[in-house]
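J.:
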């Protein structure tokens, strides 16, 4: 079983939105468990509105995570996508140590760049595999060119030594509209730009995860 952790120690990075959309794509690759560890419960809000039976959602605390992941592995789950809370260093550290890959969403802008250093340092200290995603970015301009703030954010992350996935997830209304109706964006607007961006990210994330050994449960 591969465990994908979505982590950022700053609120508003878009972790829950990414977790919901990525988990439905993961479920097409194999049985998937979506784990909500954020007390805000955004994923639980989405799951209650969802008519599809998958992905299955579990709420979990830090103490419950080893048991949740262990039972998931025993039941044949191929992918666990975990949404983490911000501002909880001990929980994020615990989740990181169990993750196959930690995905760190970064919004373009100085505040998010300033905050991401703490998450990067934690991953390095734990020797946890990680990848940054430029998230909630201004859409591409004519000619499919990234706007300057996205280019600058990517360059800044590279200077910090952070691995950054190509492309971006743009700020698009369809991402939110889908969640309100309990859908993922590929279900809500299968041929839209948001769907192609999320699908490209999942393709890269899943390929990276397969290159790392699955973490053992406690």
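Numbering (the working numbering), first residue to last: 2 to 219. All C-beta atoms, glycine included, are put in the ideal place defined by N, C-alpha and C.
1. Relative to the C-alpha of residue 211, which residue among 30, 21, 58, 175 is closest?
2. Could you have a look at residue 143 and say whether DSSP puts it in helix, strand or coil?
3. Using DSSP with H/G/I as helix, E/B as strand and the rest coil, what is residue 185?
4. What do you reckon, are the CB atoms on residue 20 and residue 82 nearer than 7 angstroms?
5. The beta strand (DSSP E) spanning residue 1 covers which residue range?
6. How far does the alpha helix (DSSP H) with residue 114 in it extend, from its first residue to its last?
7. Can you tell me the Cβ-Cβ gap for residue 66 and residue 95, rounded? I've got them flagged as a contact below 8 angstroms.
8. Relative to the alpha-carbon of residue 78, which residue among 121, 105, 24 has its alpha-carbon at the smallest distance?
9. For the beta strand (DSSP E) holding residue 3, just list the boundary residues, first then last.
10. Give me the residue from 62, 9, 138 with the minimum Cα distance to residue 170.
11. Enumerate in chain order the residues of its own chain whose CB-to-CB distance from residue 10 is below 6 angstroms, with the five nearest sequence positions on each side excluded.
12. For the pair the stretch 180-192 and the stretch 44-57, tell me if three or more CB-CB distances fall below 8 angstroms.
T.: Reading it off the structure:
1. By one-based count along the chain shown, residue 211 stands at place 210. For residue 211, the nearest C-alpha among the options comes from 30.
2. For the purposes of this step, residue 143 is taken as residue 142 along the chain shown, with counting starting at 1. In the structure shown, residue 143 falls within a coil segment according to DSSP collapsed to helix, strand and coil.
3. Counted from its first residue, the chain shown places residue 185 at position 184. Three-state result, residue 185: coil.
4. Within the chain shown, residue 20 is the residue found at index 19, counting from 1. Within the chain shown, residue 82 is the residue found at index 81, counting from 1. Contact flag set, yes.
5. Any answer about residue 1 is impossible in this case: the structure gives the chain only from 2 up to 219.
6. If you number the chain shown from 1, residue 114 lands on position 113. Counting along the chain, the alpha helix (DSSP H) containing residue 114 begins and ends at 111-127.
7. As a working note, residue 66 is residue 65 in the chain shown. As a working note, residue 95 is residue 94 in the chain shown. Yes, residue 66 and residue 95 are in contact; Cβ-Cβ is about 7 angstroms, under 8 angstroms.
8. The residue you call residue 78 lines up with position 77 of the chain shown. Residue 24 is the option with its Cα nearest to residue 78.
9. As a position in the chain shown, residue 3 is number 2, starting the count at 1. In the DSSP assignment, residue 3 falls within the beta strand (DSSP E) that extends over 3-7.
10. As a first step, residue 170 is located in the chain shown; it is residue number 169 there, counting from the start. Checked all of 62, 9, 138; the closest Cα to residue 170 is 138.
11. As a first step, residue 10 must be located in the chain shown, where it is residue number 9. Cβ within range, chain order: 87, 119, 120.
12. With a cut-off of 8 angstroms, the stretch 44-57 and the stretch 180-192 count as touching, because enough Cβ pairs lie within range.
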